[in-house]
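Colleague: Per numbering that gives the first Met the number 0, residue 0 is the first one in the sequence shown, and the count goes up by one each step. Even for Gly, the Cβ is constructed at its ideal location relative to N, Cα and C. This is the structure I have questions about; it appears just below.
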Amino acid sequence: MVLVFIVHALFCNEASNRGSTLKYWEAYAPLTKNIDDNCRNIEHENLVSIINRVNSEYSFRRDVANNKELIDQGTETGIFRLKNSLIPNVHSVLWKSSNGYAFVFVMVAGENITSAVDILGLIVKYSLSIFNMAENQDSQLLQYPEKMVALLHVFLPAGQLLFLNHRLIKQLERDLNKILSDKK
Numbered sequence: 000m001v002l003v004f005i006v007h008a009l010f011c012n013e014a015s016n017r018g019s020t021l022k023y024w025e026a027y028a029p030l031t032k033n034i035d036d037n038c039r040n041i042e043h044e045n046l047v048s049i050i051n052r053v054n055s056e057y058s059f060r061r062d063v064a065n066n067k068e069l070i071d072q073g074t075e076t077g078i079f080r081l082k083n084s085l086i087p088n089v090h091s092v093l094w095k096s097s098n099g100y101a102f103v104f105v106m107v108a109g110e111n112i113t114s115a116v117d118i119l120g121l122i123v124k125y126s127l128s129i130f131n132m133a134e135n136q137d138s139q140l141l142q143y144p145e146k147m148v149a150l151l152h153v154f155l156p157a158g159q160l161l162f163l164n165h166r167l168i169k170q171l172e173r174d175l176n177k178i179l180s181d182k183k
């Protein structure tokens, strides 16, 4: 199960790291079991720590990459385990970068990584086309979050990973197009 989905801007150096990088997030379940007044602050700190870790991994990979085409393409995929003082349980964090954004799944440990990679790839693909992220960066993502909700509702219902085959992907594409056309 995916606990949290995050979209944030990537920064390659600290000088460009100004302002908020978080563009969208959807929590399907809390990362911690605490239910108190500090829960909101703890969740915020968890999100910040995840974003910082993804940014640092992306920057590291970009710095050590010798392949100019890979750097220009800007697509990277990574996975790491997450456990710290704020998050008592071990979680897997899967991320994929594209066009200056990182799309992140925070999942329970032991989740099907292959299925998660496939679904995250589809979400990235459709996000780029729906929001025209290559052209106008994040303006549409910030203006129309309901489109991202529809995309996640179709490909990641309630945070559950689906086993996808060609026919199911085509059906989900039709469902997504119907939902998005109804919203216009």
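1. Which first and last residues belong to the beta strand (DSSP E) in which residue 22 is found?
2. Thinking residue 75 and residue 60 are a contact (beta carbons under 8 Å), I'd like their distance in whole angstroms, please.
3. Would residue 102 and residue 3 qualify as a contact pair, given that the criterion is a beta-carbon distance under 9 Å?
4. Residue 75 bridges to which residues according to DSSP?
5. Near residue 42, which residues of its chain fall below 8 Å by C-beta distance, leaving aside the five closest residues on each side in sequence?
6. Straight-line CA distance for residue 144 to residue 23?
7. Per DSSP, residue 80 is paired with what?
8. Can you give me the start and stop residues for the alpha helix (DSSP H) that residue 119 sits inside?
9. Let me make sure I understand the geometry here. Which of 158, 20, 126, 38 has the alpha-carbon closest to that of residue 115?
10. Can you tell me the Cα-Cα spacing of residue 7 and residue 112, whole angstroms?
11. Expressed to the nearest angstrom, what Euclidean distance is found between the alpha-carbon atoms of residue 5 and residue 170?
12. Who does residue 104 pair with in a DSSP beta bridge?
13. Would you give the residue range spanned by the alpha helix (DSSP H) that residue 86 belongs to?
14. Return the first residue and the last residue of the alpha helix (DSSP H) that residue 40 is part of.
Modeller: Taking the coordinates as given:
1. The residue you call residue 22 lines up with position 23 of the sequence shown. Residues 21-26.
2. Working through the sequence shown from its first residue, we reach residue 75 at position 76. Working through the sequence shown from its first residue, we reach residue 60 at position 61. Contact between residue 75 and residue 60 is confirmed by a C-beta separation of about 5 Å, below the 8 Å threshold.
3. Your numbering for residue 102 matches position 103 in the sequence shown. Your numbering for residue 3 matches position 4 in the sequence shown. No, the Cβ-Cβ distance between residue 102 and residue 3 is not below 9 Å.
4. Sequence index remark: in the sequence shown, residue 75 carries index 76 (1-based). Residue pairing from DSSP places residue 75 in a beta bridge opposite 96.
5. Taking the first residue of the sequence shown as 1, we reach residue 42 at position 43. Excluding sequence neighbours, residue 42 sits near 26, 29, 30, 31.
6. Walking along the sequence shown from the start, residue 144 turns up at place 145. Walking along the sequence shown from the start, residue 23 turns up at place 24. Looking at the two C-alpha atoms, the distance is approximately 8 Å.
7. Counting from 1 along the sequence shown, the entry for residue 80 is found at position 81. According to DSSP, which records beta bridges pairwise, residue 80 is partnered with 91.
8. Here residue 119 refers to the residue found at position 120 of the sequence shown. In the DSSP assignment, residue 119 falls within the unbroken alpha helix (DSSP H) covering 112-130.
9. Within the sequence shown, residue 115 is the residue found at index 116, counting from 1. When each option's Cα is compared against that of residue 115, the closest is 158.
10. As a first step, residue 7 is located in the sequence shown; it is residue number 8 there, counting from the start. As a first step, residue 112 is located in the sequence shown; it is residue number 113 there, counting from the start. Cα to Cα, the separation comes out at about 21 Å.
11. Here residue 5 is taken as the residue at index 6 of the sequence shown, counted from 1. Here residue 170 is taken as the residue at index 171 of the sequence shown, counted from 1. Each residue's Cα considered, the two are about 25 Å apart.
12. Taking the sequence shown and counting its residues from 1, the one referred to as residue 104 is at position 105. DSSP, once it has assigned bridges, lists 4, 93 as partnering residue 104.
13. By 1-based counting over the sequence shown, the position of residue 86 is 87. Run containing residue 86: none; DSSP gives neither H nor E here.
14. By one-based count along the sequence shown, residue 40 stands at place 41. First-last of the alpha helix (DSSP H) with residue 40: 38-63.
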